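Position 37 (the sequence shown) corresponds to 37 in UniProt numbering; numbering is contiguous.
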Amino acid sequence: MAVSQTTRWRLICGTLGVICLLLMATLGFLLKFSHPKTDSEPTSSPGLDIELQE
1 MAVSQTTRWR LICGTLGVIC LLLMATLGFL LKFSHPKTDS EPTSSPGLDI ELQE
């Protein structure tokens, strides 16, 4: 009986591990492609330029 319980827990742990890896891969994929690429030169607001000139 102990062998079947050990096998059952290994199956459960393996299944949960695979689900965890799939969720992490999905999250990484979504985070990578959800944000549009920004320009290399950031834009500043006009108010900031006026404060710097004064």
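Every residue gets a Cβ at the ideal spot worked out from N, C-alpha and C, and that includes glycine. In this text the structure is predicted, and so the values were computed from the model without any measurement.
Near the ligand ATP: residue i beta-carbon under 6 angstroms from a heavy atom
i	result
Thr7	In the structure shown, the ligand ATP is absent, as is every other ligand, since no ligand is present at all.
Straight-line Cα distance separating residue j from residue i
i	j	result
Val18	Ala25	11 angstroms
Leu27	Cys20	11 angstroms
His35	Leu11	37 angstroms
Lys32	Thr15	26 angstroms
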